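Report on one structure; see the data block that follows.
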């Protein structure tokens with residue numbers, strides 16, 4: 003269990019795909035922007051603006067990154083997504099994640 | 003949109019009902035303990051330890067509090083739940099909530 007100290011947070015959730023993907027935005031003390039979210043089983047495509055570092059805290063999924071083949075990832079695992087791209091996910095079990103935005 | 007400043011947070015989600023109810027625990031600067039969560043449509047029973055103040059930020063639900071009849075609540079709405087009790091919810095549309103724990 004990790005305790006984040008001295009952060010700011012947007013109280014309201016981001017809700018996507020009828021609530022099967024939800025997240026809340028936080029900013030760490032050093033200014034790093036993250037979202038903490040949960041993805042329920044299903045198939046999703048996400049578009050990025052900033053590059054993202056995705057840390058899996060629970061769950062299992064299949065991912066297809068731009069120009070790559072599908073691969074299976076189990077927690078604990080981290081993957082990187084390029085800026086201005088899109089990626090596909092097949093969530094196999096409920097996935098708790100932390101997404102860190104990497105500014106250009 | 004409400005920005006919470008100078009809070010602490012447990013990074014990992016609380017996951018209930020196969021992910022249909024999820025939340026994360028935060029502590030406000032004044033020590034108040036809250037969870038921010040999302041409930042997907044479904045029927046749920048929750049047990050309380052501390053008394054709770056439940057603020058709906060989105061969604062519609064039916065609730066049956068201890069010793070009361072079912073009633074329908076629409077956002078924005080707040081309801082109070084006694085300590086050491088249980089209550090029933092029928093979530094009608096995705097509900098974003100903030101639960102504040104009231105210490106005895």
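Protein chains in written order, with our numbering: chain D, 3 to 106; chain X, 3 to 106. We treat Cβ as the ideally placed atom computed from N, Cα and C, and that holds for glycine. Since the structure is predicted, the reported quantities are computational estimates derived from the model, not experimental observations.
- Think of a sphere of 9 Å around the beta carbon of residue 59 of chain X: the chain D residues whose beta carbon falls inside it are 13, 14 and 15, in chain order.
- A straight line joining the alpha-carbon of residue 8 of chain D with that of residue 101 of chain X spans about 20 Å.
- DSSP places residue 60 of chain D inside the beta strand (DSSP E), whose first and last residues are 53-66.
- Pairwise C-beta distances place the region 76-87 of chain D in contact with the region 53-60 of chain D, as three or more of them are shorter than 8 Å.
- For residue 63 of chain X, no Cβ of chain D is located within less than 9 Å of the residue's own Cβ.
- In terms of Cα proximity to residue 4 of chain X, the closest of D:105, D:10, D:69 and D:25 is D:10.
- With contacts defined by Cβ atoms closer than 9 Å, residue 97 of chain D and residue 40 of chain D form a contacting pair.
- In the three-state DSSP reduction, residue 45 of chain D falls in the strand class (E or B).
- For the options D:105, D:25, D:88 and D:63, the alpha carbon positioned closest to that of residue 13 of chain X is the one of D:25.
- Taking each of D:59, D:57, D:58 and D:46 in turn and checking the Cα distance to residue 66 of chain D, the smallest one comes out for D:46.
- Using a CB distance cut-off of 9 Å, residue 56 of chain X does not count as an interface residue toward chain D.
- A Cβ of chain D is located within less than 9 Å of the beta carbon of residue 24 of chain X.
- In this structure residue 74 of chain X is exposed. Its beta-carbon is surrounded by fewer than 16 other beta-carbon atoms within 10 angstroms.
- Cβ-Cβ distances below 6 Å link residue 16 of chain D to 25 in the same chain, with the five nearest sequence neighbours on each side left out; the list follows chain order.
- Scanning its chain for C-beta atoms nearer than 7 Å, with the 5 sequence neighbours on each side dropped, one finds no residue around residue 20 of chain X.
- Close partners of residue 38 of chain D in chain X (Cβ separation under 9 Å): 11, 13, 14, 15 and 26.
- Residue 6 of chain D has a beta carbon lying within less than 9 Å of a beta carbon in chain X.
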